[in-house]
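Asks: Residue numbers (the numbering used here), protein chains in the order written: chain A, 32 to 314; chain B, -13 to 141.
(1) Relative to chain A, which residues along the segment 24 to 35 of chain B have a C-beta separation below 9 Å, given in chain order?
(2) Could you give the residue range of the beta strand (DSSP E) that holds residue 1(B)?
(3) Using the rule of at least 16 other Cβ atoms within 10 Å of the residue's Cβ for burial, across every protein chain shown, is residue 99(A) buried or exposed?
(4) Using DSSP's beta-bridge definition, name the partner residues of residue 246(A).
(5) Grouping DSSP H, G and I as helix and E and B as strand, with all else coil, what is residue 313(A)?
(6) Does residue 315(A) have its Cβ less than 8 Å from a Cβ in chain B?
(7) Would residue 137(A) pass as an interface residue toward chain B - the criterion being a Cβ-Cβ separation below 8 Å?
(8) Is the Cβ-Cβ distance between residue 297(A) and residue 223(A) less than 8 Å?
(9) State yes or no: is the beta carbon of residue 220(A) nearer than 8 Å to at least one beta carbon in chain B?
(10) Taking all protein chains shown into account, decide if residue 316(A) is buried (16 or more other Cβ within 10 angstroms of its Cβ) or exposed.
(11) For residue 184(A), name the three-state secondary structure that DSSP assigns.
(12) Could you tell me if residue 32(B) is buried or exposed, where buried requires 16 or more neighbouring beta carbons within 10 angstroms of its beta carbon?
(13) Could you check the C-alpha separation between residue 261(A) and residue 103(A) for me, to the nearest Å?
(14) Please work out which residues of its chain come closer than 7 Å, Cβ to Cβ, to residue 140(A), disregarding the five sequence neighbours upstream and downstream, and give them in chain order.
(15) With a cut-off of 8 Å, does the C-beta of residue 46(B) fall near any C-beta of chain A?
(16) Residues of chain A with CB under 8 Å from residue 52(B), in chain order?
(17) Restricting to Cα atoms, I'd like to know which of 66(B), 20(B), -7(B) is closest to residue 9(B).
(18) Less than 8 Å between the beta carbons of residue 200(A) and residue 176(A), yes or no?
(19) Beta-carbon of residue 313(A) versus every beta-carbon of chain B: anything under 8 Å?
(20) Looking at the structure shown, is residue 110(B) part of a helix, part of a strand, or coil, going by DSSP?
(21) Can you give me the Cβ contacts of residue 356(A) inside the same chain, cut-off strictly under 6 Å, excluding the 5 residues immediately before and after it?
(22) Should residue 202(A) go down as buried or exposed, given a rule of 16 or more other Cβ atoms within 10 Å for buried?
(23) Given a cut-off of 8 Å on the beta-carbon distance, is the pair residue 139(B) and residue 104(B) in contact?
(24) Residue 123(A): buried (16+ other C-beta within 10 angstroms of its C-beta) or exposed?
(25) What does DSSP give as the partner residue(s) for residue 221(A) in the beta ladder?
(26) Do you know whose CA, among 79(A), 128(A), 151(A), 117(A), lies nearest residue 186(A)'s CA?
(27) Taking all protein chains shown into account, do 16 or more other C-beta atoms lie within 10 angstroms of the C-beta of residue 76(A), making it buried, or fewer, making it exposed?
(28) So, under 8 Å CB-CB, residue 39(A) and residue 54(B) are touching, yes? Tell me the CB distance rounded to an integer number of Å.
(29) Using a cut-off of 8 Å between C-beta atoms, extract the partners of residue 78(B) located in chain A.
(30) Tell me, to the nearest whole angstrom, how far the beta carbon of residue 45(A) is from that of residue 197(A); I am working on the premise that it is less than 8 Å.
(31) Taking contact to mean 3 or more Cβ pairs, one atom from each stretch, closer than 8 Å, check whether the segment 20 to 31 of chain B and the segment 68 to 78 of chain B are in contact.
(32) Within 8 Å of any Cβ in chain B, is that where the Cβ of residue 306(A) sits?
(33) Just tell me which of 130(A), 285(A), 42(A) has its CA closest to the CA of residue 217(A).
(34) Determine the contact status of residue 34(B) and residue 131(B), defining contact as a CB-CB distance below 8 Å.
(35) Straight-line CA distance for residue 16(B) to residue 51(B)?
(36) Can you pull the chain B residues whose beta carbon is under 9 Å from the beta carbon of residue 36(A), in chain order?
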């Protein structure tokens, strides 16, 4: 499989990159690691006459802690994040997740910003970032705005990003809380992902391959009531009730019934991880 | 509009400068332009690892990397692991342990292992297995491959 011809633009600034895409319109795409975009172009599922490379813009890979926030540059690769001492110290759940995504070659090339903007419904980072209360900074030639990660993801392959906006940083508030994430993997992708954060309360988020991450309010309330020590049966019932009305995909990878079960198992494992219980299934 | 890009890259220690269409994939650049046929095309979707090359010491899928993106970098294929006609200890270990059957996946495995050893010269068995979990072999199974890497690491 080969991509169709395109023109490769390599701007040196955000303003230049944003203006280029605004000017070139639908036929142009921002380009970072290429692990997902290039695949689509090779399969002729996406056609762009212009790729605007963001990798030549300085400062987009930086990972720093500033004012009680962990700030991760959008062009940081999964590998960069997994190896960052700032991330492993302040946000170990993100560190571990980024060290386990797909395989080493995808982690070396793929960027966190690209992962979020692509909005693959089976991706894991959106689920964890939702639970971590992360915010996302979007910059265009004319403006800059910050939105919660939970408002960024609108559905499969759909985000709140405007065509000329560039995701520049992901900012995670650092509190006294803890968080965990567990995923039920099939090949390179997850069939179900669960992330739980515990600060003043428990917040439970899931990914299920069907759309934006979803918060399980009833399950979170139950964990608050039980101080995070809910038993399996009650936990499974709460998750089942929370996702009862959710449209769960049924496809060649897993049927709906099985996916609903895997979501509950992912939540159970995330809770075990959060409680520091050695998880015999994790590898 | 000009759709070609200038690429200056060091391949197996040799500086190379070429102009190529922007959409040129690294695997085609290496196989067709540089005649480095150890780089294998198999799954074509970043899963199997047969097309693995090292870019600045890190493993990448050359099937889904633009040649334009290695501009300024150092690329290594298994041909580049040989020094003055002597195989890299990893290459020798693969031979000594019979970790090769048809050989199609072997360059990718050796380079993935090389990347691990560059970063971590004394990996545990679990670290070796983890570093190779993105490479697929359909002949030998993985036991001898892991043994070869363990041997090369301890040599």
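The beta carbon of each residue, even a glycine, is placed where N, CA and C say it ideally should be.
Replies: According to the structure shown:
(1) For the segment 24 to 35 of chain B, which is checked against every Cβ of chain A, the residues closer than 9 Å are 30, 31, 32, 33, 35.
(2) In the DSSP assignment, residue 1(B) falls within the beta strand (DSSP E) that extends over 0 to 7.
(3) exposed
(4) 236(A)
(5) At residue 313(A) the pLDDT is 49, less than 50, meaning the model places this residue with poor confidence and gives no usable figure here.
(6) Given that chain A is displayed from residue 32 to residue 314, the structure contains no residue 315(A) and the question cannot be resolved.
(7) yes
(8) yes
(9) no
(10) The displayed coordinates of chain A run from 32 to 314. Any statement about residue 316(A) would go beyond what the structure contains.
(11) Annotated three-state conformation of residue 184(A) is strand, per DSSP.
(12) buried
(13) Going from the Cα of residue 261(A) to the Cα of residue 103(A) covers about 34 Å.
(14) Sequence-distant Cβ neighbours of residue 140(A) in its own chain, meaning closer than 7 Å and more than five residues away, are 64, 65, 66, 108.
(15) yes
(16) 39, 65, 69
(17) Comparing Cα-Cα distances from residue 9(B) to each of 66(B), 20(B), -7(B), the minimum goes to -7(B).
(18) Annotated as distal: residue 200(A) and residue 176(A), with beta-carbon spacing of 8 Å or more.
(19) Note that residue 313(A) scores a pLDDT of 49, beneath 50, so its modelled location is shaky and nothing firm can be said.
(20) When secondary structure is reduced to three states using DSSP, residue 110(B) falls in the coil class, being assigned neither helix nor strand.
(21) Any question about residue 356(A) goes unanswered here, given that chain A covers just 32 to 314.
(22) buried
(23) no
(24) Exposed, because fewer than 16 other Cβ atoms sit within 10 Å of the Cβ of residue 123(A).
(25) 216(A)
(26) 151(A)
(27) exposed
(28) 6 Å
(29) Going along chain A, no residue has its Cβ under 8 Å from residue 78(B), so there is no contact; the nearest lies around 23 Å.
(30) 6 Å
(31) no
(32) No - not a single Cβ of chain B is within 8 Å of the one on residue 306(A).
(33) 285(A)
(34) Cβ atoms of residue 34(B) and residue 131(B): not closer than 8 Å.
(35) Distance between the alpha carbons of residue 16(B) and residue 51(B): 12 Å.
(36) -11, 7, 8, 9
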